[in-house]
Each structure stands twice: as C-alpha cells, then as structure tokens.
C-alpha cells in the first residue's frame, strides 16, 4: 500500500483510539506517539528521481496520514503546504482519513470551493456514537468525494440515513488488532454491507481483527494475513464502480487510462480483503513477515 505521512504522531480523542495501533507499534520502537512531528517524507508528492521525474506516478492513489490524523491540531502549521502539494499533483488521488470531523471545515484551503476533484474526505466511525457525531459534519462539507471507515469496528453502526443522501461513495471496515483488541462481530459487518448494497455504495471488509465473533463463537485470529483472507472469503465486500477521481495532467488536461500508473500486486493479493481499495504494492516487506 502506498502511503504518505507528512507528519507522525497523534493524541487520543475517542474510544476507537484506546488501543491505537500506532501507539502499540511506536512503543516497540521507543517512540512517543503523542508528539506530532514533521516527517522526512513531508514533500513526497513533489520528490523526483535522478532523471527529474516524479517518484509518485500519474494515476496513483495515495492514502494520507495513516500514522497520524491529517487534521490533528499540532499540524496546523504544515497543512497549508500539503494542500498546495495536493493541488499541484492534480494527477494523483489523495485519500484523507480523520477522527476530527469537527476540524475539517476550518482546516480546508481557501480555494477548496466545492472540493478538489482528486481528494476524498473520509471519517472514522468506530461505533454508532461516532457515526452520529462525525457523519453529519462530513455531509455538511462540500467535497467531490466522501467516505467513511468503520475501524476499529467496535460497535454496530446503522448508517442508513447517511448513505441515503447519496454523498457517501465508499465504506471500509475492519476489526481491531494488537494490545487489548476488542471483538468485531460478523453481524455488524454483514448489516453494514447490506446497507451499502441498498444504496449502491462500495463496501470493503478489509480484515476481521484479532477477535472475531460469528454464530455465537469468538475466534482468535492473530495473523493479519489470515484476517484478511477470512474477510475476503466472507463475500461481504462489493464494488459499485466508485469513487472515480478526475485526474488532470500538469497541463490541466484530463488523464486517460493509458497515461496512468497501473498498480502492481503480488499473487497472494488476489485473496486479500484490502485488494478492492488497495493502491498497489509499495515493496515495504510487511507481507513477507510473520504476524
């Protein structure tokens, strides 16, 4: 998966953060996650190779801020520069995810208008309380692309009335992992999948999480690859053809498929729960490790 982390670190703001995976991973490396720092890859979208070409190719889809929250308060001093890079790289799709829906509007760039056509705004909805808190805020903000993620999925979510607006293009969900993982229920996932199907919204069940409940039994699944496989085998994911990002070349011409980057996948990717919304292999080596 191709990820851009312009800064690293965050601080907990809701129950979905209680067992944050970044806090767990950073603790193993002796890093204080609560300290928000700008990263060495801050300008990744503008980095070039030795031949002068952009390292990130036209047509790529980039997940932004998976080791932080894009709208975390401490990053206010840097965010304007990241918006400028996203605007400059109109040939790349950027997927933003936040738990701070209440900060989105005040942090948008001055030229946002109805949204950048190459940017998707998504909020995390780990349970019904947070769905009812964050989705109305998201729906009230102009954007070309909107979605939400139920992860860590720690409580049932009825999103019917939000999906009925026609503004949500995509929903992702997955269980919790690492320290103190709370269970995810098959029934929650199935119900959310069915809601999305009724409103023609893409739904991607990424992983079961460490503890998964089905038919009254709790399964412990420590391997993330097995979690992903089980999510794939559930058959609950479905794709409706969206989102479709309108990407522009540096000359402001609409890019055609033949001009775009083609994601590269490994053989085992075909049965991965994330395959539907993954942006391709980044050769990080994680899938070669045992979990």
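In my numbering, the protein residues as written are 2 to 292. Using N, Cα and C, we set each Cβ at its ideal position, and we do this for glycine too.
Is it true that the CB of residue j sits closer than 9 Å to the CB of residue i?
i: residue 280; j: residue 61; result: yes
i: residue 98; j: residue 140; result: no
i: residue 126; j: residue 149; result: yes
i: residue 175; j: residue 232; result: yes
i: residue 297; j: residue 177; result: The structure shown does not extend to residue 297, since the chain is modelled only from 2 to 292, so the question has no answer here.
i: residue 90; j: residue 122; result: no
i: residue 145; j: residue 120; result: yes
i: residue 70; j: residue 100; result: yes
i: residue 113; j: residue 65; result: no
i: residue 207; j: residue 230; result: no
i: residue 27; j: residue 248; result: no
i: residue 213; j: residue 228; result: yes
i: residue 88; j: residue 110; result: yes
i: residue 143; j: residue 116; result: yes
i: residue 108; j: residue 80; result: yes
i: residue 181; j: residue 19; result: yes
i: residue 22; j: residue 220; result: no
i: residue 72; j: residue 104; result: yes
i: residue 118; j: residue 25; result: no
i: residue 167; j: residue 200; result: yes
i: residue 43; j: residue 8; result: yes
Measure the beta-carbon distance from residue i to residue j and round it to whole angstroms, keeping in mind my assumption that it falls under 8 Å.
i: residue 277; j: residue 235; result: So it is not a contact: roughly 13 Å between Cβ atoms.
i: residue 164; j: residue 196; result: 6 Å
i: residue 49; j: residue 39; result: Not quite, the Cβ-Cβ distance comes to about 20 Å (not below 8 Å), so this is no contact.
i: residue 59; j: residue 250; result: 7 Å
i: residue 153; j: residue 53; result: 42 Å between Cβ atoms; not a contact.
i: residue 192; j: residue 151; result: At roughly 11 Å, the Cβ-Cβ gap does not stay under 8 Å, so residue 192 and residue 151 are not in contact.
i: residue 215; j: residue 187; result: 4 Å
i: residue 183; j: residue 155; result: 5 Å
i: residue 41; j: residue 63; result: Not quite, the Cβ-Cβ distance comes to about 17 Å (not below 8 Å), so this is no contact.
Grab the span of the beta strand (DSSP E) containing residue i for me, first residue to last.
i: residue 123; result: 120-125
i: residue 64; result: 62-65
i: residue 94; result: 94-99
i: residue 208; result: 203-208
Is residue i near the ligand SAM, with its Cβ less than 8 Å from a heavy atom?
i: residue 195; result: In the structure on display, the ligand SAM does not appear, and there are no ligands present to speak of.
The alpha helix (DSSP H) spanning residue i covers which residue range?
i: residue 105; result: 102-108
i: residue 197; result: 187-199
i: residue 161; result: 161-164
i: residue 81; result: 77-89
i: residue 25; result: 22-29
i: residue 131; result: 129-140
i: residue 226; result: 225-234
Tell me, please, whether the CB atom of residue i is closer than 9 Å to any CB atom in chain C?
i: residue 217; result: In summary, chain C is missing from the structure at hand, where a single protein chain is found.
Starting from residue i, follow its DSSP beta bridges and name the residues at the other end.
i: residue 263; result: DSSP lists no partner for residue 263.
i: residue 218; result: 215
i: residue 55; result: 49
i: residue 174; result: 151 and 206
i: residue 239; result: 204
i: residue 9; result: 38
i: residue 146; result: 121
i: residue 249; result: 255
i: residue 69; result: 10
i: residue 3; result: According to DSSP, residue 3 bridges with nothing at all.
i: residue 169; result: 147
### Query
Touching or not, the segment 28-36 and the segment 10-18, by the rule of three or more beta carbon pairs under 8 Å?
yes
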